[in-house]
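Participant: First residue of the sequence shown: 12, per the numbering used here; consecutive thereafter. Where a beta carbon is used, it is the ideal one built from N, C-alpha and C, also for glycine.
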Amino acid sequence: MGIHNPERLGELWDSTRLSVILDEINKISDKIVLSGGWAWHFMTPENHTEFKHAHDHKDVDIFVKPDNFGELIAQLKQQEYEKTWTRFDRLPGSNTFSRYTKFVPLAGETIKVMLDIFVEEVPTLTSSRP
12 MGIHNPERLG
22 ELWDSTRLSV
32 ILDEINKISD
42 KIVLSGGWAW
52 HFMTPENHTE
62 FKHAHDHKDV
72 DIFVKPDNFG
82 ELIAQLKQQE
92 YEKTWTRFDR
102 LPGSNTFSRY
112 TKFVPLAGET
122 IKVMLDIFVE
132 EVPTLTSSRP
């Protein structure tokens, strides 16, 4: 699909869903580096319109330093995340990728928060935005 998906042109991401996921990101922000669509979210102007064709918010792609992985997973388990198995888990070297999922109940709907965690040292850029 890539960054731009012409089939989604004009569609907006649900603001409630985005708010829930953003809250979850903020809870672990001291341990992670964002990547993918959520990294784009923080690099765009504040209060921009969240179009589905522009970037992906289905999951949260994050990097965690190997030394912080255990601490992050312990925190996620305390926050009711569960390991979600993927087709990548049975590949050689799969110990550098994990997916954790949580379902956040709201009035009338449940929001699925999916974290794709890559265990690796990566360059970082900090943002002052919440």
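Take R110 and list the residues in its own chain whose beta-carbon comes closer than 6 Å to its own, dropping the five residues that flank it on each side.
Facilitator: T95, T97 and D127
Participant: Using a 10 Å radius around the Cβ and a threshold of 16 neighbouring Cβ atoms, would you call F114 buried or exposed?
Facilitator: exposed
Participant: Between which two residues does the beta strand (DSSP E) containing K113 stretch?
Facilitator: K113 -> beta strand (DSSP E) spans F108 to L117.
Participant: Where does T95 fall in DSSP's three states?
Facilitator: coil
Participant: Hey, V75 and I43: beta-carbon distance below 7 Å or not?
Facilitator: Yes. Within cutoff.
Participant: For the beta strand (DSSP E) containing S46, list its first residue and its last residue.
Facilitator: V44 to S46
Participant: According to DSSP, is I14 helix, strand or coil?
Facilitator: Confidence is the limiting factor: at I14 the pLDDT is only 49, short of 50, which leaves the residue's position unreliable and the question unanswerable from this model.
Participant: From this set, I39, L87 and I122, which residue's C-alpha is nearest K69's C-alpha?
Facilitator: I122
Participant: Run the CB neighbour count on M12, radius 10 Å, all protein chains shown included, and call it buried at 16 or more, exposed below.
Facilitator: The predicted model places M12 with a pLDDT of 41, which falls under 50 and marks its position as unreliable, so this point remains unresolved.
Participant: How far does the alpha helix (DSSP H) with K38 in it extend, from its first residue to its last?
Facilitator: S26 to I39
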